[in-house]
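End of the sequence shown sits at 710 in our numbering; the numbers just go up one at a time, nothing left out.
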Amino acid sequence: MRTTETSDLWWKTAVIYCLDVKTFMDGDDNGIGDFDGVASRIDYLNELGVTCLWLMPFYPNGGRDDGYDITDFYAVDPALGSFGDLVELVRTAKDRGMRVIADLVVNHTSDRHPWFRASRSSTTNPYRDFYVWRDTEPPDTSDQVVFPDQEDSIWQLDEKTGEWYLHNFYRQQPDLNIANPKVQDEIAKIIGFWMELGLDGFRVDAVPFLIETKGIRKADTQGYGDPHEHLRALKAFMSRRRGDTILLGEVNLPYKDQVAFFGGTDGDELTMMFDFPLMQQLYLSLARRDAGPVADCLRKRPVIQPHTQYANFVRNHDELTLDKLTDEERQEVFDAFGPEPEMQLYGRGLRRRLPPMLNGDPRRLKMVYSLLFALPGTPALFYGEEIGMGENLEVPGRMAVRTPMQWTSGKNAGFSRTQPSRLVAPIVEGPYGPAHINAASQRKDPESLLSFITLLAGRYRECPELGMGRYEVLDHDAPSVLVHRCTWEQLDGDVASTVLVHNLGPEATEITVTLEGVDGGTDIVDLFSDLELSTESRGRLTVPVEGYGHHWLRIHGPNDRRLR
C-alpha cells in the first residue's frame, strides 16, 4: 500500500487531540497549566497515537471568555510561559511526528484590545473602522444572541461616543469589521506570524461570523464582494507560504449551508470542517438505541472534494450543542442524558461529558469511541476523553467540562503540586474523580478505556480507507446496528476496504449484508478480536454482534498484504 498520498494529505488520516494549556499540566506548580507542562506530556500523547495537537487559545486575554477574548494576537499569555516555551513545545511535538495547530479567533477581539480602545476614543480615530458601529438605536435582536443567559442584544451602547458596536458573542467581545481591507491584512499577518513559529494550521473559530457582513453599512462593503472570497484569500495565502497547512473550521450549519465553506471544485476555502450535523444525530441515535439517525445523516452527507475532509467528534470544549435537532428530538436527548436543568445550557445543549451520560458503561463507551474512529473522516478527541473523565456541574456554564486533566490518583490529580485553592479550576470529585479515573492507572490496565483508544488510534492509522476513501451505508434488518463500508482505490490498483459494524443497542443480534464486488469465499478478519469470517456467494456476509458490540472487518483480497 503506497503512503505518498496519506503523507501529502496528512490531515485526512490524522488523530487530532484538543487541549487547553492552562488545564492540561502545570510545569511550575503555580496552579496554572503551561507550555512546559504540555511538553512534558508529549510522549504520553505520542503513545496514545495523537498525530495532530490542537492548542486552545494561549494568547493574552481579558479573562471574560476562557481565552477567546483576545487582547493581543501576536503574543502568548505570560501565565502559560514565554515564546521560547511555546516554540520548544512545538519542536518537541514535531520531534515525535505531531503536527500542531492552534485556535484562530479573529471574528472579534476583547474590548481591552488596543485596537478597540483606540476605536472607542473618538468617532474619527483611524481604528474606528476596525469594528462595526451604528449611530442609531438598534432594533430588538434578543433572538440573535449566542449566549441568551448573558446577553439580550448583539449591540452595545458605548457611552463615550454615543454609538453602538456589534458583538455577536459577549459585549466584551466587539466584532471586527471584516469588510475593512486593513482588518483583512491584519488577519493574514496573524496567520503568517504563527506559521513562522511552526504552526501547521488553525482551527478557525465561528467561521460564519468571521466572514459575514451583518451590521456593516452597505457603503462600507462595496469592495468586499463575496464573503467566501475572504476565506479563499486566506487559504491561498497559507498555501503560498506552505502548502501542507490546514484550516479546520467550526461551522455549525446544516449540510446544505455548510458545504459552501469548503469552496469550489478545488477545495479552496476550509480544508476541514467539524461535522456538527452527524454529532447531533449520533446523540439522538444513542438516546433511542437506534442507528437510524446516524445512518440517515451519513447518507445525506454531501460528497465533497478530494482535498477536503470532515472531522468527527463526540465532545468538544463548548456545550454539547443540539441546536439542529427538532424540539422533540432534543428533548429525547435531554431525557436520556441530561434530565436535570443544571445539566443543560442555553436550552439547546448539554454541559456534560460522555461517560456520566452513559453511566460509565464500559461496553457502551468503547462502542461509541470505536464508532468515532470508524466514521468516514478524521477523529478529534477532547483532552481527558481517552480516560473517561467526567464533568463538574458545580462549575458554571461551559467550564463544567474544562477541568484539570486527571493524571494520577494523588494530590490535585497529579496536575499540580500547589495548594488546591490555587488551581486554575477545581478538580472533578465523586465517581469520576481522579481516585477512580486517571491516566497513570489506566496505562497499566490493558482493559482500560485509555488502552482501548490507544489501540483504536493505531488501527485507524492502519486503515487509510477510513479517512481517504469513499463510504457506503449497508442495508440490513437490525435497527440498532450501523453498518458502513469504507473503500480506498488507488491509481496503482491497490484496494483497501473495511466493513464497520456498531450495535447501539443492548441486545445481541446478527446482521447480514451484501458486499458489492466481493466474491464468495473471501476472508473477512476482525481487527479487534480473533473473529474470522468468510463471504458466501455474491458477497453475502453474516456477522454476529453483541449488545453494544463493534467490529472492524477487513476484507482480505487475494493481493492484500496487510496484517490480519
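Note that CB positions come from ideal geometry on N, CA and C, so glycine has one too.
Could you pull the DSSP bridge partners for residue i from this structure?
{"i": "Val645", "result": "Arg631 and Leu699"}
{"i": "Gln302", "result": "Tyr311"}
{"i": "Tyr606", "result": "Beta-bridge pairing links Tyr606 to no other residue."}
{"i": "Gln455", "result": "Met418"}
{"i": "His254", "result": "Asp321"}
{"i": "Asn584", "result": "Note: Asn584 sits in no beta bridge, so no partner."}
{"i": "Val246", "result": "Leu199"}
{"i": "Leu496", "result": "Leu466 and Gln490"}
{"i": "Asp669", "result": "Ser680 and His702"}
{"i": "Cys164", "result": "Trp200 and Phe528"}
{"i": "Trp279", "result": "Tyr311"}
{"i": "Glu656", "result": "Pro690"}
{"i": "Ile216", "result": "Asn207"}
Please classify residue i as buried or exposed, where buried requires at least 16 neighbouring CB atoms within 10 angstroms.
{"i": "Pro320", "result": "buried"}
{"i": "Lys168", "result": "buried"}
{"i": "Tyr220", "result": "exposed"}
{"i": "Arg710", "result": "exposed"}
{"i": "Glu537", "result": "buried"}
{"i": "Leu677", "result": "exposed"}
{"i": "Thr472", "result": "exposed"}
{"i": "Ser680", "result": "exposed"}
{"i": "Ala365", "result": "exposed"}
{"i": "Asn462", "result": "buried"}
{"i": "Phe262", "result": "buried"}
{"i": "Glu531", "result": "buried"}
{"i": "Gln368", "result": "exposed"}
Thinking just about the alpha-carbon of each residue, which of the options is nearest to the one in residue i?
{"i": "Arg266", "options": "Gln318, Tyr515, Ser299 and Gln296", "result": "Gln318"}
{"i": "Ala571", "options": "Ile599, Asp591 and Val541", "result": "Val541"}
{"i": "Ala352", "options": "Gly243, Arg476 and Asp249", "result": "Asp249"}
{"i": "Ala488", "options": "Leu471, Met545 and Arg510", "result": "The identity of residue 488 in the sequence shown is Glu, whereas the question assumes Ala. For Glu488, the nearest C-alpha among the options comes from Met545."}
{"i": "Pro203", "options": "Asp182, Glu234 and Leu165", "result": "Leu165"}
{"i": "Val196", "options": "Phe674, Pro525 and Ser567", "result": "Pro525"}
{"i": "Asp215", "options": "Tyr205, Pro550, Val222 and Ala221", "result": "Tyr205"}
{"i": "Glu465", "options": "Leu496, Glu475, Asp436 and Phe480", "result": "Leu496"}
{"i": "Leu343", "options": "Arg245, Glu375 and Arg363", "result": "Arg245"}
{"i": "Asp298", "options": "Lys306, Asp304, Thr307 and Ser288", "result": "Ser288"}
{"i": "Val514", "options": "Leu595, Leu679 and Glu332", "result": "Leu595"}
{"i": "Gly243", "options": "Cys198, Glu283, Phe519 and Gly213", "result": "Cys198"}
{"i": "Asn713", "options": "Gly604, Val641, Asp372 and His582", "result": "In the structure as shown, the chain starts at 147 and stops at 710, and residue 713 therefore has no counterpart that could be examined."}
{"i": "His90", "options": "Ala365, Pro354 and Ile188", "result": "The question about residue 90 has no answer, for the chain in this structure spans 147 to 710."}
{"i": "Glu682", "options": "Glu692, Glu662 and Val691", "result": "Glu662"}
{"i": "Ser228", "options": "Ala264, Arg187, Gly183 and Leu194", "result": "Gly183"}
{"i": "Ile122", "options": "Lys557, Arg363 and Phe293", "result": "Not covered by the structure: residue 122. The range shown for the chain is 147 to 710."}
{"i": "Phe598", "options": "Arg631, His696, Ala437 and Phe483", "result": "His696"}
{"i": "Asn558", "options": "Asp172, Lys158, Thr159 and Asp346", "result": "Asp172"}
{"i": "Trp698", "options": "Asp672, Asp231, Gly209 and Pro704", "result": "Asp672"}
What is the DSSP secondary structure of residue i, reduced to helix, strand or coil?
{"i": "Gly484", "result": "coil"}
{"i": "Pro284", "result": "coil"}
{"i": "Ile188", "result": "helix"}
{"i": "Asp241", "result": "helix"}
{"i": "Glu537", "result": "coil"}
{"i": "Glu662", "result": "coil"}
{"i": "Gln490", "result": "strand"}
{"i": "Glu618", "result": "strand"}
{"i": "Pro577", "result": "helix"}
{"i": "Arg349", "result": "strand"}
{"i": "Leu687", "result": "strand"}
{"i": "Gly744", "result": "Within the shown structure, residues of the chain are numbered from 147 to 710, placing residue 744 beyond reach of any answer."}
{"i": "Asn207", "result": "strand"}
{"i": "Ile362", "result": "coil"}
{"i": "Ile333", "result": "helix"}
{"i": "Ala559", "result": "helix"}
{"i": "Trp553", "result": "coil"}
{"i": "Arg476", "result": "helix"}
{"i": "Gln96", "result": "Since the first residue shown for the chain is 147 and the last is 710, residue 96 is missing from the structure and cannot be characterised."}
{"i": "Phe450", "result": "The residue you asked about is not Phe; residue 450 is Ile in the sequence shown. Coil at Ile450, not helix or strand."}
{"i": "Lys158", "result": "helix"}
{"i": "Asp175", "result": "coil"}
{"i": "Glu593", "result": "coil"}
Is residue i near the ligand GDP - that is, is its Cβ less than 8 Å away from at least one heavy atom of it?
{"i": "Gly395", "result": "Absence of the ligand GDP is noted for the structure shown, with no ligands found whatsoever."}
Does the pairing of the segment 426-437 with the segment 451-470 give three or more beta-carbon distances under 8 Å?
-> Using a C-beta cut-off of 8 Å, the segment 426-437 makes contact with the segment 451-470, since at least three inter-stretch Cβ pairs fall below that distance.
The segment 377-384 contacting the segment 406-423, beta-carbon criterion three pairs below 8 Å | yes
Decide if the segment 274-294 is in contact with the segment 303-317; the criterion is three or more beta carbon pairs, one per stretch, under 8 Å apart.
-> yes
Indicate whether the contact test is met: 3 or more Cβ pairs, each with one atom in the segment 334-341 and one in the segment 229-243, closer than 8 Å.
-> no
Report yes or no: do the segment 629-638 and the segment 476-483 share at least 3 C-beta pairs separated by less than 8 Å?
-> no
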